[in-house]
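A.B. asks: Keeping their order, the protein sequence lines are chains C, R and A.
Quick note: the first sequence uses our numbering, first residue 580, plus one each step.
Quick note: the second sequence uses our numbering, first residue 580, plus one each step.
Quick note: the third sequence uses our numbering, first residue 580, plus one each step.
Virtual Cβ for every residue (Gly too), placed ideally from N, Cα, C.
Remember, it's a predicted structure, so these values are computed and weren't measured experimentally.
Sharing a structure below in structure tokens format, with a few things to ask.
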Amino acid sequence: MACQPYYGEKFGELVEDLIGSYRSDPRTHRIGKRFMPSRNEIIEIIQNLLELVYPGFFGRQGLTEQNLQEHVENLMEETIEKLHRQIHNCLCYEREAHGEMRPDGTDPCDQKALRISLEFLERLPEIRDMLAGDVQAAYDGDPAATGTDEIILAYPGLLAITVYRLAHELHIQGVPLMPRIMTEWAHSVTGTDIHPGARIGRNFFIDHATGVVIGETAIIGDNVKMYQGVTLGALSFPKDERGRIIRGHKRHPTVGNHVTIYANATVLGGNTRLGDGAIIGGSVFLTRDVEPGHQVSISPPVLKVRPPEKPAE
Amino acid sequence: MACQPYYGEKFGELVEDLIGSYRSDPRTHRIGKRFMPSRNEIIEIIQNLLELVYPGFFGRQGLTEQNLQEHVENLMEETIEKLHRQIHNCLCYEREAHGEMRPDGTDPCDQKALRISLEFLERLPEIRDMLAGDVQAAYDGDPAATGTDEIILAYPGLLAITVYRLAHELHIQGVPLMPRIMTEWAHSVTGTDIHPGARIGRNFFIDHATGVVIGETAIIGDNVKMYQGVTLGALSFPKDERGRIIRGHKRHPTVGNHVTIYANATVLGGNTRLGDGAIIGGSVFLTRDVEPGHQVSISPPVLKVRPPEKPAE
Amino acid sequence: MACQPYYGEKFGELVEDLIGSYRSDPRTHRIGKRFMPSRNEIIEIIQNLLELVYPGFFGRQGLTEQNLQEHVENLMEETIEKLHRQIHNCLCYEREAHGEMRPDGTDPCDQKALRISLEFLERLPEIRDMLAGDVQAAYDGDPAATGTDEIILAYPGLLAITVYRLAHELHIQGVPLMPRIMTEWAHSVTGTDIHPGARIGRNFFIDHATGVVIGETAIIGDNVKMYQGVTLGALSFPKDERGRIIRGHKRHPTVGNHVTIYANATVLGGNTRLGDGAIIGGSVFLTRDVEPGHQVSISPPVLKVRPPEKPAE
């Protein structure tokens, strides 16, 4: 970088000023830190996991009884390596952030990361079992579905639920950062934002997907169906005596079994409960409980209907 | 895969359990099946088609009268090959699913796939003609647009409409899976979910795009304009005597010509009709007809306005 | 391309008809034009800029005091080259569109493009300073955030704001097309649509991000917080005597300092002002001013609650 005749003498100044700005604020750089998850490799892990949980739908095609064993072994090996590396990064990231790295330089995270990786992969058959229920729920709930294959191949709601179910396991295991990176990737491609901390029962169906928000402390029962734009959100945040919001308490609703929530309905509050079998109509804004089996809908709004000033074109 | 000292003896168990889970549920794997569309190649086809319908905007730049012929020939050849292969996959996928493959092993889908591919590509000039109207409608409808080029390069609504118009042709031809994979790709990148079965007239404009849902049996006239978050959805699903939803009947609204639907309005029901020239205001929730030329808006909601407890910061 | 036995004689016809359709409409092709921004390279520029403003979070990891200087120099050099090329394309695109290319063939855009590129990059430290405030605002505003790193790595709202702040600088410099391509890329991956022309103060936080629309002429103060689905939109478009919408005047609201706007609220109109400290409740639809410090919420809608016809399942 001895000469920069093309950009002129400004080049050195630009670099210097930018580096100077790194030094002035620790929040927006990671310089001199050793551990950081790689978002790109975490997305690769999601792709690998989708291939493992829905074999033949994504990635390699033409799976047969003959080539299956070798395919799964190779893919599993690749997945373990990446999982191990990224969970390791996330665990050590947290220790480094808290100043808990060992003074002797030995690695406190490696064995734990391997253990979590293997325990997570052991859970895949059970997760697959739940996903089969989600796929069936989508087929049973959507008259436009031509079959369950279409749902796995194309429905954004199922993709969001799948990534959530995988990320939730890592969240339970206490892996920092990675679960949220996973669900935010799904949010980006599906428009559905499910926090990995939410607890969601079996046979869950989200149709159309865009704009759905399910908060960190939401609890959802079995056989729940919801549509685009539904929010299970927080009502307000209590603050501590220094005016900072308090983290960690239940802020989002509890939804029973067999509940349906139609498009763009908003349900807020950590104490708000929707009883089993409740039906929440489209665009309802709700901050109180609904009894089991009850239906809630907005009163037909008094619409102002204005006849045309001139004949319609 | 003889030794796995690194991951320990668990590795074999993980693979075995996962493969075991594949055997227990036919819904979530495609093992031992021959035909499956490739989502990746279908996305490549969309990219090729965008380059063919908007030459010079996407993909290769610097097109001139001199290099145009060769460029289009090469791109067309590539597109036919991929289209032929993926339509073939989709047609045979369906036959295989229905147990209709020929016992003598000959291929019943190849010629049909080629015929559909060519007929589809023959329709491109007509589709381009419609798209030019959509581009113009966006320019005429959005004061923020600086020109029609910006709309083709950057507007998500136009991208969603373009992919819908392409997918709709394949839907009409009866190609399974592929049209929906195409529109769901567009949904993922634009936030607009248009089912390939919907019927949409000329000069259609969607502004801001995120959260729009247009259902399978919606019918939309010419010169319609809609904004973010608009749903043309279903009211409820009739079920058969066994409690399963009935597929295939008209569930979504009919929208006349010259209709405008503002942001986050919801219009539901297969019998709901918006007459020519109707204007539906923002956030309106509508399950009944609107006469031609009429305007519908929500009554200004009785807002609770609470003055500050303490002076504003 | 002498023989096409495979696709039959139709091939030539397909190509001819498609090329014929290019000739019939100038709006949907760029043939014989020299200048066009490359969307792909503009996305690469965004990636480079993210790496420059949040070093160590995206792209290269393991940055240290030792390797930082060389890393930033290399990345800066790469970024200048791409910026220079694309800004050049955009400037000459506009001149070509307006028939303002120099008759002697000399390039009127090159020096200007370089100057704008360097001035833009000079602004990065100041932009970084604003972004640090946005990161902190997200942490202070979201009880689910575990730290500021998670926000930079995963929060779509911060990504949308970051790309907006970068694009806004190029918008101010008068670069055509590129700023909008940048914010529409962010719209695609985050669901938040911020026009590069909007003016937004410090410490801005958007939670959940999907469906947010901030129009071209919106003005937003400092310390503003908003949630998914919020629209700052236009009320209606005045038209000129020939029935064409008038471009360029203020159509979107003005939002004061310390304002909070909850999920799915809609605020419309160029004259609408939300005073300092105002709180706009979820799903509010607003076309009039709110006084400083006042809270506005929808009256609890009269919900129709229908008890179950049969016992809940």
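Taking CB distances under 8 Å as the criterion, tell me whether Pro584(C) reaches chain A.
C.D. replies: On the first sequence, position 5 is the one that residue 584(C) refers to. Only weak support exists for where Pro584(C) lies, its pLDDT of 48 falling under 50; the coordinates are left without a value.
A.B. asks: Determine the chain R residues that contact Gly790(C) at a beta-carbon separation under 9 Å, and present them in chain order.
C.D. replies: By 1-based counting over the first sequence, the position of residue 790(C) is 211. By Cβ distance, chain R contributes Gly770, Thr789, Gly790, Gly808.
A.B. asks: Within 8 Å of any Cβ in chain R, is that where the Cβ of Glu763(A) sits?
C.D. replies: Here residue 763(A) refers to the residue found at position 184 when the third sequence is read from its first residue. Glu763(A) counts as touching chain R.
A.B. asks: Anything in chain R within Cβ reach of Pro755(A), meaning under 9 Å, just list it in chain order.
C.D. replies: If you number the third sequence from 1, residue 755(A) lands on position 176. Within 9 Å Cβ-Cβ: Thr725, Gly726, Glu729.
A.B. asks: Which value, in whole angstroms, describes the spacing of the CA atoms of Thr741(C) and Asp596(A)?
C.D. replies: The count along the first sequence starts at 1 and reaches residue 741(C) at position 162. The count along the third sequence starts at 1 and reaches residue 596(A) at position 17. Looking at the two C-alpha atoms, the distance is approximately 45 Å.
A.B. asks: Cβ of Lys589(R) less than 8 Å from any chain C Cβ?
C.D. replies: Here residue 589(R) corresponds to residue number 10 of the second sequence, with the count starting at 1. It does; some Cβ of chain C falls within 8 Å.
A.B. asks: Could you check what DSSP says for Val803(R) in three-state terms: helix, strand or coil?
C.D. replies: Position 224 of the second sequence, counted from the start, is the residue given in the question as residue 803(R). In the structure shown, Val803(R) sits in coil (DSSP, three-state: anything other than H, G, I, E or B).
A.B. asks: Please confirm whether Gly849(A) and Arg830(A) have their CB atoms less than 8 Å apart.
C.D. replies: As a position in the third sequence, residue 849(A) is number 270, starting the count at 1. As a position in the third sequence, residue 830(A) is number 251, starting the count at 1. Cβ atoms of Gly849(A) and Arg830(A): closer than 8 Å.
A.B. asks: Starting from Ala842(A), find everything on chain C with Cβ-Cβ shorter than 9 Å and list it in chain order.
C.D. replies: As a position in the third sequence, residue 842(A) is number 263, starting the count at 1. Per Cβ cutoff of 9 Å: Val792, Thr810, Gly812, Thr845, Leu847.
A.B. asks: For the candidate residues Ser603(C), Ile858(C), Gly638(C), Ile731(C), whose alpha-carbon lies nearest to that of Glu623(C)?
C.D. replies: The count along the first sequence starts at 1 and reaches residue 623(C) at position 44. Of Ser603(C), Ile858(C), Gly638(C), Ile731(C), the residue nearest in Cα terms is Gly638(C).
A.B. asks: Between Ala891(R) and the rest of its own chain, which residues show a CB-CB distance below 6 Å, the 5 nearest in sequence each way excluded?
C.D. replies: Here residue 891(R) refers to the residue found at position 312 of the second sequence. Residue confidence for Ala891(R) is low, a pLDDT of 44 falling below 50, so the modelled location carries little weight; the figure read from the coordinates is stated next. Taken in chain order, the list of residues that qualify is empty.
A.B. asks: Roughly how many angstroms separate the alpha carbons of Ile877(A) and Tyr841(A), rounded to a whole number?
C.D. replies: In the third sequence, counting from the first residue as 1, residue 877(A) sits at position 298. In the third sequence, counting from the first residue as 1, residue 841(A) sits at position 262. Whole-angstrom Cα-Cα distance: 11 Å.
A.B. asks: Are the beta-carbon atoms belonging to Gly720(C) and Asp786(C) less than 8 Å from one another?
C.D. replies: Position 141 of the first sequence, counted from the first residue, corresponds to residue 720(C). Position 207 of the first sequence, counted from the first residue, corresponds to residue 786(C). Yes, these two residues count as a Cβ contact at 8 Å.
A.B. asks: On the three-pair Cβ rule with 8 Å, is the stretch 597-608 of chain C touching the stretch 639-653 of chain A?
C.D. replies: yes
A.B. asks: For the alpha helix (DSSP H) that contains Phe614(R), what are its first and last residues?
C.D. replies: Here residue 614(R) corresponds to residue number 35 of the second sequence, with the count starting at 1. Per DSSP, Phe614(R) belongs to no alpha helix (DSSP H) and is neither H nor E.
A.B. asks: Would you identify the three-state DSSP class for Ala581(C), choosing helix, strand or coil?
C.D. replies: Here residue 581(C) is taken as the residue at index 2 of the first sequence, counted from 1. Note that Ala581(C) scores a pLDDT of 43, beneath 50, so its modelled location is shaky and nothing firm can be said.
A.B. asks: Tell me where the alpha helix (DSSP H) around Leu654(R) begins and ends.
C.D. replies: Working through the second sequence from its first residue, we reach residue 654(R) at position 75. Run containing Leu654(R): 647-676, per the alpha helix (DSSP H) assignment.
A.B. asks: Put Ser895(R) into one of helix, strand or coil per three-state DSSP.
C.D. replies: Absent from the structure is residue 895(R), since the part of chain R shown begins at 580 and ends at 892.
A.B. asks: Alpha helix (DSSP H) containing Phe699(C): first to last residue?
C.D. replies: Locating residue 699(C) in the first sequence gives position 120, counting from the first residue. Taken as a continuous stretch (DSSP letters only), the alpha helix (DSSP H) holding Phe699(C) covers 689-701.
A.B. asks: For Pro722(R), which option in Pro886(A), Met680(A), Gly812(A), Glu656(A) has the closest C-alpha, if you only look at C-alpha atoms?
C.D. replies: If you number the second sequence from 1, residue 722(R) lands on position 143. Out of Pro886(A), Met680(A), Gly812(A), Glu656(A), Gly812(A) has the C-alpha closest to the C-alpha of Pro722(R).
A.B. asks: Have a look at Gln874(A) and Val803(A) and give me their C-alpha separation to the nearest angstrom.
C.D. replies: One-based indexing of the third sequence puts residue 874(A) at position 295. One-based indexing of the third sequence puts residue 803(A) at position 224. Going from the Cα of Gln874(A) to the Cα of Val803(A) covers about 14 Å.
A.B. asks: Identify the residues that DSSP records as bridge partners of Lys829(C): which are they?
C.D. replies: In the first sequence, counting from the first residue as 1, residue 829(C) sits at position 250. Lys829(C) pairs with nothing; no bridge assigned.
A.B. asks: Name the two residues that bound the continuous beta strand (DSSP E) containing Leu811(R).
C.D. replies: What you label residue 811(R) is simply residue 232 of the second sequence in a count that begins at 1. Element bounds for Leu811(R): 810-812.
A.B. asks: Do you know offhand how far Glu748(R)'s Cα is from Arg609(R)'s?
C.D. replies: Position 169 of the second sequence, counted from the start, is the residue given in the question as residue 748(R). Position 30 of the second sequence, counted from the start, is the residue given in the question as residue 609(R). In this model, Glu748(R) and Arg609(R) are separated by some 27 Å (Cα to Cα).
A.B. asks: Counting only Cβ pairs nearer than 8 Å, list the residues of chain C close to Val594(R).
C.D. replies: As a working note, residue 594(R) is residue 15 in the second sequence. Against chain C, a Cβ distance below 8 Å from Val594(R) picks out Gln648, Val651, Glu652, Met655.
A.B. asks: Chain D beta carbons: is any one of them nearer than 8 Å to that of Arg885(A)?
C.D. replies: Of the chains in the structure shown, none is chain D; the protein chains are C, R and A.
A.B. asks: Checking the sheet assignment: what are the DSSP bridge partners for Leu853(C)?
C.D. replies: Your numbering for residue 853(C) matches position 274 in the first sequence. Leu853(C) pairs with Val834(C), Val869(C).
A.B. asks: When you compare the CB of Thr851(R) with every CB in chain C, is at least one pair closer than 8 Å?
C.D. replies: The count along the second sequence starts at 1 and reaches residue 851(R) at position 272. No, no contact with chain C.
A.B. asks: Using a C-beta to C-beta distance shorter than 9 Å, which residues of chain C count as neighbours of Ile824(R)?
C.D. replies: To locate residue 824(R), count along the second sequence from 1; it is residue 245. Result: Asp719, Gly720, Asp721, Pro722.
A.B. asks: Within the same chain, show all residues whose beta-carbon is closer than 6 Å to that of Cys671(C), passing over the 5 residues directly before and after it, in chain order.
C.D. replies: Taking the first residue of the first sequence as 1, we reach residue 671(C) at position 92. Cβ neighbours of Cys671(C) beyond the five flanking positions: Phe614, Cys688.
A.B. asks: Do Ile730(C) and Tyr743(C) have their CB atoms nearer than 8 Å?
C.D. replies: In the first sequence, the residue the question calls residue 730(C) occupies position 151. In the first sequence, the residue the question calls residue 743(C) occupies position 164. No, the Cβ-Cβ distance between Ile730(C) and Tyr743(C) is not below 8 Å.
A.B. asks: Among the candidates Arg602(R), Ile706(R), Arg702(R), Pro682(R), whose CA atom is the shortest distance from the CA of Ala893(C)?
C.D. replies: Because chain C spans 580 through 892 in this model, residue 893(C) falls outside it and cannot be assessed.
A.B. asks: Tell me, to the nearest whole angstrom, how far the beta carbon of Gln665(R) is from that of Glu620(R); I am working on the premise that it is less than 8 Å.
C.D. replies: The residue given as residue 665(R) occupies position 86 in the second sequence. The residue given as residue 620(R) occupies position 41 in the second sequence. Right, the Cβ-Cβ distance comes to about 6 Å (below 8 Å), so this counts as a contact.
A.B. asks: Which whole-angstrom value describes the C-beta separation of Val594(A) and Glu652(R), a residue pair presumed to lie in contact below a C-beta threshold of 8 Å?
C.D. replies: Within the third sequence, the letter at position 15 stands for residue 594(A). Within the second sequence, the letter at position 73 stands for residue 652(R). By a beta-carbon distance limit of 8 Å, Val594(A) contacts Glu652(R). Their separation comes to about 5 Å.
A.B. asks: Taking Cβ positions only, does Phe816(R) come closer than 8 Å to chain C?
C.D. replies: As a first step, residue 816(R) is located in the second sequence; it is residue number 237 there, counting from the start. Yes, contact with chain C.
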